[in-house]
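Residue 82 in the working numbering sits at position 98 of the sequence shown, and the numbers go up by one each step.
Even glycine gets a Cβ: it sits at the ideal position worked out from N, Cα and C.
The block underneath contains the structure these notes are about, expressed in structure tokens.
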Amino acid sequence: MMKRSEEITNQYFSFLEKHIQDVISGITPEFMEVNEIAGKLAVSHKHLTDTIKKETGQHPCFFYDEKIILEAQSMLTTSDKSVAEIARIFTYDPSNFSKFFKKMTGKTPGEFRKIKTNNF
């Protein structure tokens, strides 16, 4: 029998996967806030945050950002879309996207793409 906390954690991760894909494909116009996701999972924002922290040691936002970055990295290496186009797919203003990307990875999207493409 799965603990309720594990169930909530699994639901959160499943929701994130689908939600991020829906934003990328344009089905959903923008990323939801964590409190909105909690609502969709029928738990309070605090309960969701506490549960994810207890189960994983990290805040839900950490995984949200990480998954967005992984998708963006994949798009940077597998598509020839411009960084600005990719930023818009992820509903970011291009300069905010670059800041967010650099904060998360230590590189700008352009630097990341250059390194990755040179390695192929």
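Per DSSP, Phe15 lies in no alpha helix (DSSP H) segment and is marked neither H nor E.
Cβ neighbours of Glu(-10) within its own chain (closer than 7 Å, five residues either side excluded): Glu39.
Within the same chain, Cβ atoms closer than 8 Å to the Cβ of Thr75 are found at Val7, Pro13, Glu14 and Phe15, the five residues on either side in sequence being excluded.
The segment 19 to 31 makes no contact with the segment 76 to 91, as fewer than three CB pairs between them are under 8 Å. Spanning the alpha carbons of Phe96 and Met(-15) requires a straight line of approximately 43 Å.
Per the coordinates, the alpha-carbon of Gly41 lies some 14 Å from the alpha-carbon of Phe(-3).
Taken in chain order, the complete alpha helix (DSSP H) segments of 4 residues or longer contained in the segment 47 to 99 are 67 to 73 and 78 to 89.
The shortest CA-to-CA distance from Phe81 to any of Arg(-12), Asn102, Thr61 and Ile53 is the one to Ile53. Residue range His29 to Thr40 is occupied by the alpha helix (DSSP H) that includes His29. Relative to Ala26, the option among Thr(-7), Thr62 and Asp64 whose CA is nearest is Thr(-7). Spatial neighbours of Val18 in its own chain (CB-CB distance under 8 Å, excluding positions within 5 residues in sequence) are listed in chain order as His29, Leu32, Thr33, Pro44, Cys45 and Tyr48. One Cα belongs to Ala22, the other to Thr35, and the distance between them is close to 11 Å.
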